[in-house]
Amino acid sequence: SLVFLLAAQRPGAQAADPPPATATKPTASSASGSLPMTAIPAAPKPATADPAVQPSDSSMLPPITAEAATAEVVKLLSGEFNTAAQAAADESKEYRDIHLSIVPAWTDRTDGHWLYVEQAVATALDRPYRQRVYHVVPGADGMVVSEIWLLPGDNTRFVGEYKKAKPLEGLTPQELKRMDGCEVRLTRTAPHRYEGATPDRACRSAREGAVFTTSIVTLSADGIDSWDRGWDDAGLQVWGAVSGPYKFRR
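So the sequence shown is numbered by my numbering: it starts at -8 and just counts up by one.
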């Protein structure tokens, strides 16, 4: 998905992106990097049905520097999260218990903040379905941008990197591939709260009939809300959660 993150894996998101809703029982992890499902019949809507989040008026917030905002986003993103509470309360079984680990990498670099991201179903923590690198940098107009980067080669060799003292040691950013158009642009909407989304129709996809994906993200002290969806050319949703975002809690 940030969760942060946030599009189909081509080994390999996130992102920190949760799997599609289980409107049908998902199978094992696929090469697309998310749990597969059949297309979801959705009410007709334009392809622009998911514009960038319109945040509340932030003009009344105490000002902070771009560097401070970026550092706060990194702090809110970093940690161990899961959706156990959401899954337990979901009688429809649309949501699964997903574990999300996000840790700083290459902390000696000065070109923004780099984070390693690993996401797995609770019952298969040793087989993550999504592994990503986020590059968090200041953006225009006071925004904070979380870029999504793919790891090189066979991603299984990086499983468990979040447990290491120096994640991705021996790898360099030059070996990664940026997922153009899949970055999440975050705006500060309240103290310790950021909301944002991917650019409209910019994150291209060829998965399960989708031509583009969208991610809507909210970061707060409670955790990360991440809603990843795939859309066809007519603007119909073909994969992803239907009822709302996955709610990752610390």
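C-beta atoms are modelled at their ideal positions from N, C-alpha and C, and glycine is treated no differently. From a predicted model like this one, the values you see are computed outputs, not experimental measurements.
Bounds of the alpha helix (DSSP H) holding Gln77 are 75 to 80. Residue state for Val233 is assigned as coil, using DSSP reduced to three classes. About 6 Å separates the beta carbons of Leu159 and Tyr107, which is inside the 8 Å limit, making them a contact pair. Taking 9 Å as the cut-off, the beta carbon of Asp171 is found closer than this to the beta carbon of Ala193. Short of 8 Å from the beta carbon of Glu58, and not among the five residues preceding or following it, lie these beta carbons of its own chain, in chain order: Pro129. Pairwise C-beta distances place the region 58 to 67 in contact with the region 120 to 140, as three or more of them are shorter than 8 Å. In terms of CA proximity to Asp213, Phe72 leads the group Gly103, Phe72, Pro143, Ile207. Residue pairing from DSSP leaves Lys154 without any beta-bridge partner.
Boundaries of the beta strand (DSSP E) harbouring Thr204: 203 to 211, taken from the DSSP string.
The alpha-carbon of Pro53 is positioned some 30 Å away from that of Ala96. Taking every protein chain shown into account, the CB of Thr147 has fewer than 16 other CB atoms within 10 angstroms, so this residue is exposed. Within the model, the alpha-carbon separation for Trp140 versus Thr163 is close to 12 Å. Counting along the chain, Thr180 sits inside the beta strand (DSSP E) bounded by residues 175 to 181.
Relative to Asp145, the option among Lys157, Tyr120, Val229, Tyr185 whose CA is nearest is Tyr120. Between the region 175 to 188 and the region 112 to 119, the count of Cβ pairs shorter than 8 Å is below three; the stretches do not touch. Between Val124 and His90, the CB-CB gap reaches or exceeds 9 Å.
Nearest C-alpha to Gly200 among Gly231, Glu138, Asp132, Thr209: Gly231. Using a 10 angstroms sphere on the CB of Gly221, the tally of other CB atoms reaches 16 or more, which defines it as buried.
Collapsing the DSSP output to three states places Arg87 in coil. Rounded to the nearest whole angstrom, the CA to CA distance from Leu210 to Phe149 is 26 Å. Distances from the alpha-carbon of Ile215 to those of Gly133, Ser69, Ser196, Asp191 put Ser69 closest. Glu166 is not bridged by DSSP to any residue.
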